[in-house]
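Residue numbers (this note's numbering): 372 to 579.
Shown next, in the form of structure tokens:
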């Protein structure tokens with residue numbers, strides 16, 4: 372990938388992440404001290420309560436968070452990201468916000484190569500609104516640097532920043548966790564996205 376000094380500022384960097392309830396407990400740093408039974412095991416649910424969230428940002432603004440949810444007999448539940456759900460999110464959430472900002476025609480959309488991202492229906496929608504020239508993704512003319520997820524700004528900055536702030540509050544319910552995510556996104560300092568993009572440009576130059 373050739374580094375151009377202008378293109379990074381128009382890229383919408385996007386990704387999904389799981390925010391798990393009690394994530395601060397499920398870490399390698401956790402220790403159990405037991406006098407009677409030194410082999411005591413602290414049980415954790417196999418599939419912990421979580422919120423699967425998409426977020427995207429440019430050097431200037433942030434879009435999201437968007438939670439992948441569905442209505443079930445038990446109420447609103449977090450659901451997995453499928454090609455259809457990802458397409459619906461782009462169509463009904465992301466693209467309208469870019470249109471409202473009057474910048475859709477200038478934005479370059481970046482996504483990783485996850486299977487839902489390269490679903491046929493997703494690729495059709497991306498080509499319709501961004502064209503091949505303004506998509507950075509697997510199955511498009513411009514793909515992201517191979518084996519380099521660590522220099523994607525969502526990975527090396529956004530998710531860590533949010534999780535550090537959110538888990539510090541130690542929410543006790545999934546609704547509380549879901550409510551805290553957009554609140555902390557709004558609290559992100561205005562200059563942080565640009566700093567993340569600048570750091571990414573430096574990292575790309577080091578890879579090239």
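Each residue gets a CB set at the ideal place from its N, CA and C atoms; glycine is no exception.
Measure the C-alpha to C-alpha separation of residue i and residue j and round it to an integer number of angstroms.
| i | j | result |
| --- | --- | --- |
| residue 577 | residue 516 | 12 Å |
| residue 555 | residue 522 | 23 Å |
| residue 353 | residue 392 | Nothing can be reported for residue 353: it is not among the residues displayed for the chain, which extend from 372 to 579. |
| residue 427 | residue 475 | 14 Å |
| residue 379 | residue 387 | 20 Å |
| residue 529 | residue 496 | 26 Å |
| residue 504 | residue 381 | 13 Å |
| residue 509 | residue 499 | 17 Å |
| residue 407 | residue 534 | Its pLDDT being 46, under 50, residue 407 is placed unreliably by the model, and nothing is read from it. |
| residue 425 | residue 488 | 12 Å |
| residue 453 | residue 464 | 16 Å |
| residue 557 | residue 434 | 10 Å |
| residue 545 | residue 511 | 37 Å |
| residue 531 | residue 571 | 15 Å |
Buried or exposed: which applies to residue i, given that a residue is buried once 16 or more other Cβ atoms fall within 10 Å of its Cβ?
| i | result |
| --- | --- |
| residue 573 | exposed |
| residue 376 | With a pLDDT of only 47 at residue 376, under the threshold of 50, the placement of this residue in the model should not be trusted, and no figure is reported. |
| residue 385 | buried |
| residue 541 | exposed |
| residue 567 | buried |
| residue 524 | buried |
| residue 548 | buried |
| residue 447 | exposed |
In terms of DSSP beta bridges, what is residue i paired with?
| i | result |
| --- | --- |
| residue 391 | 421 |
| residue 515 | Answer by DSSP bridge pairing: none, since residue 515 is not bridged. |
| residue 537 | Its beta-bridge partners do not exist; DSSP assigns none. |
| residue 506 | 480 |
Kindly list the residues whose CB is nearer than 6 Å to the CB of residue i, restricted to its own chain and excluding five residues on each side of it in sequence; keep chain order.
| i | result |
| --- | --- |
| residue 513 | 507 |
| residue 565 | 430 |
| residue 394 | 538 |
| residue 444 | none |
| residue 561 | none |
| residue 553 | 436 |
| residue 559 | none |
Excluding five sequence neighbours on each side, which residues of the same chain lie with their C-beta closer than 8 Å to the C-beta of residue i?
| i | result |
| --- | --- |
| residue 450 | 423, 439, 440, 441, 456 |
| residue 432 | 472, 564 |
| residue 551 | 537, 540, 542 |
| residue 478 | 381, 382, 383, 429, 469, 501, 505 |
Given residue i, which residues of its chain have a CB within under 7 Å of its CB, disregarding the five upstream and five downstream residues?
| i | result |
| --- | --- |
| residue 389 | 421, 423 |
| residue 462 | 496 |
Stretch-stretch touch, CB-based, cutoff 8 Å, three pairs: the stretch 435-450 with the stretch 476-484: no
With a cut-off of 8 Å, do at least 3 Cβ pairs link the stretch 452-469 to the stretch 490-504? yes
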